[in-house]
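Just so we're aligned, residue 1 is where the sequence shown starts under the UniProt record's numbering, counting upward by one. Don't be surprised by glycine CBs; every beta carbon is placed ideally from N, CA and C. Data first, discussion second: the structure below is written as structure tokens.
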Amino acid sequence: MSGVISGFTVIFVIVALGYLLGRTGSLGEHAASVLARAVFFVCTPALLIHALATSDLSVVFSPTLAVASVSAVAVGLCYALLARLWLRRAIPEIVIGALSSSYVNSVNLGLPIAIFVLDDASFIAPLLLFQIVFYSPVALAALDITALPDEQRTSTLTTVTTPLKNPILVGGVVGLAISLIGWTPPQAIMEPLDMLGQASVPLALLTFGLTLTGVSVFKKGQSPRRDIVLASVMKMAAMPAVAYALARWGFGMTGHQLFAQVVIAALPTAQNVLVYATRYRRGEVLARDSALVTTLLSIPVIALIAATLA
1 MSGVISGFTV IFVIVALGYL LGRTGSLGEH AASVLARAVF FVCTPALLIH ALATSDLSVV
61 FSPTLAVASV SAVAVGLCYA LLARLWLRRA IPEIVIGALS SSYVNSVNLG LPIAIFVLDD
121 ASFIAPLLLF QIVFYSPVAL AALDITALPD EQRTSTLTTV TTPLKNPILV GGVVGLAISL
181 IGWTPPQAIM EPLDMLGQAS VPLALLTFGL TLTGVSVFKK GQSPRRDIVL ASVMKMAAMP
241 AVAYALARWG FGMTGHQLFA QVVIAALPTA QNVLVYATRY RRGEVLARDS ALVTTLLSIP
301 VIALIAATLA
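Next up, the structure:
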């Protein structure tokens, strides 16, 4: 338990520093955007290449992949059913809400928590691949069909392949390929990758702290409050519970393995959902507010999980 507390303390300190930098404007008005792009396009792909190239493939194609994918799909479908029958929402808003309830922030918070709390970044790799290879293309295809007029729709091939150009996915695939063929890259290649990868976590935490400044939620007349509450409850309560049931009784996990699966499921909504909502101009406030609410809730929720299962 002391290791978990120590890990959270490290995360809180760096996030708080990012928040203070944002409040004071020390890094300029575009700091969050620039740092986020550095993390997304350079540091995280390097981290994945290095981590996967030096790990066993059984870590990626493991029960973690099954637990993460099944729990996400189950919770997303449950949200969609409730949003349709209870809230009477249109399909584009249902898709955005379903993603808000089940699409995990695996980079900005997932990697730091995996490293400092779970002590193993490889727990995140299966989740990253599932979300980018399967979940994103399916959601984007649904939005392309339902949210855009005919003249603005892209081809099915473009809709499906666009997420595959994601640099994080490319980094994961490259790392998997290196591990699969059993090649050990020279030190002159691995050391720069290691250095850039080590920068991913602190930069991601600083970026997260920067984004917390000047944000308000549940704004009267603009915010779909019932949708946000439903998505947040599904994300922070239902998804960890489903992951626990699958890991504990479906795969017989105990100890640290069980703890890791539940923590991964309790990660907050990813910012990717807001990117998709903005692209299709549907459910933008829902995506934004759900991400912030679940991010704030994830701290006590993961702390409770750690106190119970760690």
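Burial state of residue i, where buried means 16 or more other Cβ atoms lie within 10 Å
i           : result
residue 64  : buried
residue 93  : buried
residue 24  : exposed
residue 288 : buried
residue 57  : exposed
residue 20  : exposed
residue 226 : exposed
residue 52  : buried
residue 235 : buried
Short CB-CB distance (under 8 Å) between residue i and chain B
i           : result
residue 143 : Although the question refers to chain B, the structure presented lacks it and comprises just one protein chain.
Length of the line joining the Cα atoms of residue i and residue j
i           : j           : result
residue 210 : residue 30  : 10 Å
residue 136 : residue 129 : 10 Å
residue 118 : residue 124 : 10 Å
residue 115 : residue 121 : 5 Å
residue 143 : residue 279 : 10 Å
residue 297 : residue 258 : 21 Å
residue 95  : residue 67  : 21 Å
residue 17  : residue 10  : 11 Å
residue 72  : residue 103 : 7 Å
residue 340 : residue 34  : The first residue shown for the chain is 1 and the last is 310, placing residue 340 beyond what the model contains.
residue 246 : residue 138 : 23 Å
residue 311 : residue 83  : Residue 311 lies beyond the stretch modelled for the chain, which goes from 1 to 310, so this question has no answer here.
residue 207 : residue 173 : 25 Å
Within 8 Å, strictly: CB atoms of residue i and residue j
i           : j           : result
residue 286 : residue 231 : yes
residue 44  : residue 168 : yes
residue 112 : residue 201 : yes
residue 22  : residue 213 : yes
Inter-residue CB distance, residue i and residue j (contact presumed, cutoff 8 Å)
i           : j           : result
residue 205 : residue 42  : The pair is not a contact, with the Cβ atoms about 16 Å apart (cut-off 8 Å).
residue 317 : residue 291 : Past the boundaries of the shown model lies residue 317; the chain is included only from 1 to 310, so the question cannot be answered.
residue 39  : residue 203 : 5 Å
residue 50  : residue 193 : 4 Å
Inside the segment 87-118 only - alpha helix (DSSP H) runs reaching at least 4 residues: The segment 87-118 contains these whole alpha helix (DSSP H) runs: 91-102, 110-116.
Any alpha helix (DSSP H) of 4 or more consecutive residues that is wholly inside the segment 244-281: Here the runs fully enclosed are 255-265, 272-280.
Runs of alpha helix (DSSP H) lying entirely within the segment 38-77, each at least 4 residues, in chain order: Listed in chain order, the alpha helix (DSSP H) elements of length 4 or more contained wholly in the segment 38-77 are 44-53.
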